[in-house]
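Working notes for the structure below.
Below, the structure written as structure tokens:
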């Protein structure tokens, strides 16, 4: 087994007891940190930063140098897979991601192929290996991917959307084509995550950012089904350790039971679901990760502490909680509030029940 | 009692048996209709259309002339109340609503006052009266307002927002100020809805579009509490008839039980909550309105019928269902698909159980 000085994040994901609740933050390497903005400037663009393993490694480690966090997460974008499929990812400042060649024609969909993660996505596996070396066993590294439905939304829309109506229209009007996109993308995501694990990622996380925009029936058909396939296809053990898997389902609070049965070790919750209710519903089957509203980090440090304790109290004195935000950290977050949050979570000692 | 040829919408809201499931559609008077686009062009702008009672009446009736709908809804905007409070509502094409004078300073918040609905909002009560006359008892008229939290979001942000972080920051950092905004706005909404009822609205609906962006604890404190005050403050009977009340809570599927106890006669559901589950949870206490995903209306008519039947089947053969979309109709909807939807709902006869 490779050296790992702090494994409480991995143990909490497997619902093993830990001396305290581990914490990391979605998008913890990001624009709220001045050192990130400096590196990004040096890289020239967000995408150049993602595609440069040395710089991706540098920004991945920045939040761990500042805060006593219990995990690092690969710095990358969720849209690397469709980019590697040839869709041509690019970013316009303030507008979010775009594709040069979104899927608009049937032949384009029929021609989709899963990329070789060791070729087109080599910059990612190189970054993973470099980050692992740089971490030197101080904290575990999380690899990640977007979910098939989430990737398909961007691939069909060509970018972000208020309501993903093009993606949904395709799903309702031509389910055969949508399922083809989802099938190929699922194969790609499994290969991609496993390549990250083989390169050193010690946990794997899938972001289902847009599953929550679907009806329950459509969610089961177009998102959950493919999440189950991913959970079943992931490498379960590596370097003598279990590689826990997490699915973050934004808006998935309505479908917790189905998600808990999907095969992932842990569910990431957005901030709308009460953590106590979630634990009561599914805490016996999966670990839970979350779920402070990122907006709380815009208030004063003492309010951050109160609200963090509220989430911790709601989960209660049980194993299986990884503290996190309910969504990515806001770029407007004062870094000192992150310090206050990490302190509050570290200081927390649940009442014994 | 005033003449009303078709009262199945009002009866379903009170969970009385009806010969079939009534249907109307959120934003049924809107851009998907060529006749609406023509009237709006004539008005000059969206806001000019809202503020002209004769034109507002004209567009309110347009969908009922085309489709056999069971209710009309006042054509207006949810932000008329803050506009009447002096914030200066305006629209930029493609960007959604904006305020010239959003609430940024404490003194601006302290100076807020509830407008007199018969003065600053006279154009709304005049429109309600004109629409009632024009309907001539053929279908009931719904009046509406935004919820206090939803209005406060726009008032603080100055427009739409991806995450409403300014409004949330104020709620977390200065709850006293946010509660002041919500208190004044609640008084204004009650007076506004009661003025609509006195002018002829036969049901009252509150749109809580952004409550679903809050954590459960924050939802109870900043949205639900004020919804309860509104439900308690509404005129309950008029013209010898009950005036049913509806609260539409986007993203409120997680809090159905609390919403069902809030005092409204009916809950409007977005499309993410399964209608059968919702009925099982709260159908014994409130009527339910919804909840087809508006994106379904972008597929072929036969798919519209299949998906509409799925919602109807999920609710089952019980009283207390008003068919609707789970959100406003998309501007890209082909009108013939709306016809297919109305036909499918009219043709539906549940299996007796």
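Protein chains in written order, with the numbering used here: chain P, 1 to 353; chain L, 354 to 706.
Built from N, CA and C at the ideal position, the CB exists for glycine as well.
Confirm, please, whether the CB-CB distance from residue j to residue i is below 7 Å.
i, j, result
"residue 580 of chain L", "residue 509 of chain L", "no"
"residue 360 of chain L", "residue 491 of chain L", "no"
"residue 181 of chain P", "residue 233 of chain P", "no"
"residue 667 of chain L", "residue 628 of chain L", "yes"
"residue 374 of chain L", "residue 698 of chain L", "yes"
"residue 437 of chain L", "residue 495 of chain L", "no"
"residue 53 of chain P", "residue 164 of chain P", "no"
"residue 287 of chain P", "residue 12 of chain P", "yes"
"residue 396 of chain L", "residue 470 of chain L", "no"
"residue 537 of chain L", "residue 472 of chain L", "no"
"residue 126 of chain P", "residue 342 of chain P", "no"
"residue 140 of chain P", "residue 10 of chain P", "yes"
Please report the straight-line C-alpha distance between residue i and residue j, rounded to a whole angstrom.
i, j, result
"residue 353 of chain P", "residue 280 of chain P", "In this prediction, residue 353 of chain P scores a pLDDT of 47, lower than 50, which makes its location untrustworthy; the coordinate-derived value is nonetheless stated afterwards. Answer to the nearest angstrom: the Cα atoms are 15 Å apart."
"residue 450 of chain L", "residue 513 of chain L", "7 Å"
"residue 221 of chain P", "residue 258 of chain P", "12 Å"
"residue 648 of chain L", "residue 178 of chain P", "15 Å"
"residue 171 of chain P", "residue 655 of chain L", "14 Å"
"residue 317 of chain P", "residue 349 of chain P", "8 Å"
"residue 72 of chain P", "residue 64 of chain P", "7 Å"
"residue 322 of chain P", "residue 24 of chain P", "8 Å"
"residue 219 of chain P", "residue 284 of chain P", "23 Å"
"residue 16 of chain P", "residue 645 of chain L", "42 Å"
"residue 39 of chain P", "residue 55 of chain P", "7 Å"
"residue 329 of chain P", "residue 48 of chain P", "21 Å"
"residue 129 of chain P", "residue 153 of chain P", "30 Å"
"residue 325 of chain P", "residue 688 of chain L", "42 Å"
"residue 662 of chain L", "residue 105 of chain P", "30 Å"
"residue 61 of chain P", "residue 27 of chain P", "12 Å"
"residue 570 of chain L", "residue 277 of chain P", "12 Å"
"residue 90 of chain P", "residue 101 of chain P", "10 Å"
"residue 166 of chain P", "residue 599 of chain L", "30 Å"
"residue 134 of chain P", "residue 29 of chain P", "15 Å"
"residue 545 of chain L", "residue 290 of chain P", "40 Å"
"residue 385 of chain L", "residue 445 of chain L", "19 Å"
"residue 36 of chain P", "residue 261 of chain P", "38 Å"
Is residue i helix, strand or coil when you go by DSSP?
i, result
"residue 431 of chain L", "coil"
"residue 90 of chain P", "strand"
"residue 276 of chain P", "helix"
"residue 617 of chain L", "coil"
"residue 706 of chain L", "Since pLDDT at residue 706 of chain L reaches only 47, below the 50 mark, its modelled position is unreliable, and the value read off the structure follows with that caveat. Residue 706 of chain L falls in the coil class under three-state DSSP."
"residue 561 of chain L", "strand"
"residue 668 of chain L", "helix"
"residue 639 of chain L", "coil"
"residue 193 of chain P", "helix"
"residue 696 of chain L", "helix"
"residue 603 of chain L", "coil"
"residue 203 of chain P", "strand"
"residue 404 of chain L", "coil"
"residue 237 of chain P", "strand"
"residue 329 of chain P", "coil"
"residue 15 of chain P", "coil"
"residue 180 of chain P", "helix"
"residue 392 of chain L", "helix"
"residue 525 of chain L", "helix"
"residue 464 of chain L", "coil"
"residue 624 of chain L", "coil"
"residue 123 of chain P", "helix"
Would you please state the rounded distance, in angstroms, between the beta carbons of residue i and residue j? I believe it to be under 8 Å.
i, j, result
"residue 186 of chain P", "residue 148 of chain P", "5 Å"
"residue 208 of chain P", "residue 248 of chain P", "6 Å"
"residue 252 of chain P", "residue 211 of chain P", "6 Å"
"residue 255 of chain P", "residue 327 of chain P", "Not confirmed; about 17 Å, so no contact."
"residue 498 of chain L", "residue 588 of chain L", "Between residue 588 of chain L and residue 498 of chain L the Cβ distance is about 13 Å, and since that is not below 8 Å, they are no contact."
"residue 462 of chain L", "residue 427 of chain L", "That pair is no contact at about 29 Å."
Since residue i sits in a beta bridge, which residues does DSSP pair it with?
i, result
"residue 359 of chain L", "Answer by DSSP bridge pairing: none, since residue 359 of chain L is not bridged."
"residue 508 of chain L", "In the DSSP output, where bridge partners are listed per residue, residue 508 of chain L has none listed."
"residue 677 of chain L", "L:644"
"residue 598 of chain L", "L:557"
"residue 451 of chain L", "L:443, L:512"
"residue 425 of chain L", "L:494"
"residue 23 of chain P", "P:323"
"residue 146 of chain P", "P:207"
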